[in-house]
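Okay, structure first, notes after.
Numbering (my numbering), first residue to last: 922 to 1462.
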């Protein structure tokens, strides 16, 4: 509404209440700089007939996708990977670098896709296409320095105000709204704020598992009762994997985050009651909620304290062991990590398939295509910004894991059910404020999300926000050893995976056996191979 008023003051006349029309007027007024006026999520394209130019843009954090390809003098674009694949003359040649990225990271980072011909516009970028060619521009980035000069109490007060405003702006809607409520810190805080801003009980939705270590429904119920929400929950069991082929088709390209399964069911249930749902996405990245932040900082501290001769000796002592298991495997990895520089070390902490495992699992022809693309994507983001160790880790995750894994998962899972997800923690002004706070405000000792928990602790029972983070994961380790053991072996060993010709199938069978007998936990790699096999059923002749 503010933008409409501003544009009307410049003489623009509106024919509708559509946001789309407002973007066209913004472009008329400000040209390519129109994106700096926009907040929230968007991906759009405008044909500028006056200048003979196609202008495309994607929001700052990559909440909305934008794919493109050029073939035979034509330029194609769309918000779904499958739409680009349906375009005439688009080559179906696999991008083996992207395939390795998927197996290493569990997702394919932009600008890559599983097909060489199809690319993704990165977050916070615009693209102009005309007869002279293609021009890409980054229009926004986070800066982590200089730090704000705020004492802790002032910072808490400002955080509460900014987050409440971020929630308030995302409640503007002509359709019913609700909130995902896992019972964790982030969604609980959003639910509490939302309840204070609405006159009707908030409709809340949670997902759970029959396995206790993965189920937070009791915490979600505590929040629901405290704020008198209209609460709904769904239980995901091993048999729910029967929808996985449908999910894989919806994503279009291989996607390895196993929590795509519960998100799918959560969105399907939520859409039966509301059209828009608020989420807690983004808080883990900006408030240092992940264990990998703690692990990364512990390694940084140890690498600076341990003498070089000790680090080299530890690495030399651990090196001779081939395919170690258990404690020896962990010690060998720790010795290797301590001898790395900071950026490669943090990259290694975020990989799910190490180079020595690739030499075992990949066929020689595939291994020849593999370089260090996964490591490089994380290292470059880590090194891009000035700031503390925590700042660099944050930027690495905000640049890759957030847009290419978590936001993809939420966008596809919700849009497949015609549900719109809105994320207050991904308000860019809130993010700009948060990353300039002193690092100890975000991560205090071993306390993650320190300032967020302190700012909102009075909204919940004593100690509620101080419990350890559980995470949104499925019990796949147990499933692959029990209920899904036969299904997984059939799909991976006797399905379409061997037709890809990129794996040493004997080594794959050996890996499945190691997991089945409890020697090594390969759940992430097995999930990726299962997804890839299901994807190959529809995409590999």
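Beta carbons: idealized from backbone N, C-alpha and C, even for Gly.
{"Asked": "The ligand ADP heavy atom lying under 7 Å from the CB of residue 1444", "Found": "Among the components modelled here there is no ligand, and therefore nothing to report on the ligand ADP."}
{"Asked": "Limits of the beta strand (DSSP E) - the one that residue 1124 falls within", "Found": "1124-1129"}
{"Asked": "Beta bridge counterpart(s) of residue 1314 as assigned by DSSP", "Found": "In DSSP, residue 1314 forms no bridge with anything."}
{"Asked": "Beta-carbon contacts of residue 1193 that lie in its chain and below 6 Å, excluding the five residues immediately before and after", "Found": "none"}
{"Asked": "Residues near residue 1004 by beta carbon distance below 8 Å, same chain, minus five either side", "Found": "988"}
{"Asked": "Between the CA atoms of residue 1330 and residue 1478 - distance to the nearest angstrom", "Found": "No answer is possible for residue 1478: it lies beyond the span of the chain, which begins at 922 and ends at 1462."}
{"Asked": "Three-state class that DSSP yields for residue 1275 in the structure shown", "Found": "coil"}
{"Asked": "As assigned by DSSP and simplified to three states, the class of residue 926", "Found": "helix"}
{"Asked": "Alpha helix (DSSP H) segments (min. 4 residues) lying fully within the region 1305-1358", "Found": "1310-1320, 1328-1336, 1349-1355"}
{"Asked": "The region 1255-1275 in contact with the region 1220-1227 per 3-pair CB rule at 8 Å", "Found": "yes"}
{"Asked": "Residue from 1369, 1260, 1128, 1083 with nearest C-alpha to residue 1386", "Found": "1369"}
{"Asked": "Straight-line Cα distance separating residue 994 from residue 1208", "Found": "46 Å"}
{"Asked": "Boundaries of the alpha helix (DSSP H) in which residue 1217 is found, first to last residue", "Found": "1212-1226"}
{"Asked": "Same chain only: Cβ atoms within 8 Å of residue 1341, ignoring 5 sequence neighbours per side", "Found": "1196, 1197, 1198, 1335"}
{"Asked": "First through last residue of the alpha helix (DSSP H) which encompasses residue 1456", "Found": "1444-1460"}
{"Asked": "Member of 1371, 950, 1077 whose CA lies at the smallest distance from the CA of residue 900", "Found": "No answer is possible for residue 900: it lies beyond the span of the chain, which begins at 922 and ends at 1462."}
{"Asked": "Residue closest to residue 1458, alpha-carbon to alpha-carbon, out of 1214, 1365, 1284, 1173", "Found": "1173"}
{"Asked": "Anticipated Cβ contact below 8 Å, residue 1426 with residue 1446, distance rounded", "Found": "Not quite, the Cβ-Cβ distance comes to about 14 Å (not below 8 Å), so this is no contact."}
{"Asked": "Residues that residue 1049 bridges to, as DSSP identifies them", "Found": "976, 1056"}
{"Asked": "Length of the line joining the Cα atoms of residue 1313 and residue 1303", "Found": "5 Å"}
{"Asked": "The region 1012-1020 / the region 1289-1301 touching (three or more Cβ pairs under 8 Å)", "Found": "yes"}
{"Asked": "C-beta contact flag for residue 1327 and residue 1175 at 8 Å", "Found": "no"}
{"Asked": "Beta-carbon spacing of residue 962, residue 980 below 8 Å", "Found": "yes"}
{"Asked": "Residue 997 - containing beta strand (DSSP E), residue span", "Found": "995-999"}
{"Asked": "Identity of the residue in 1213, 1263, 1237 nearest residue 1253 by Cα", "Found": "1237"}
{"Asked": "Residue 964 versus residue 1234: straight-line alpha-carbon distance, rounded", "Found": "52 Å"}
{"Asked": "Distance between residue 1204 and residue 942 (C-alpha atoms, nearest Å)", "Found": "32 Å"}
{"Asked": "Residues of its chain near residue 1069, where Cβ-Cβ distance is below 8 Å and the 5 sequence neighbours each way are ignored", "Found": "1076, 1354, 1357, 1358, 1359"}
{"Asked": "Distance between beta carbons of residue 1100 and residue 1108, contact taken as under 8 Å", "Found": "7 Å"}
{"Asked": "Reduced DSSP secondary structure (H/G/I, E/B, other) of residue 1177", "Found": "coil"}
{"Asked": "Enclosing alpha helix (DSSP H) for residue 1362 [first to last residue]", "Found": "1360-1363"}
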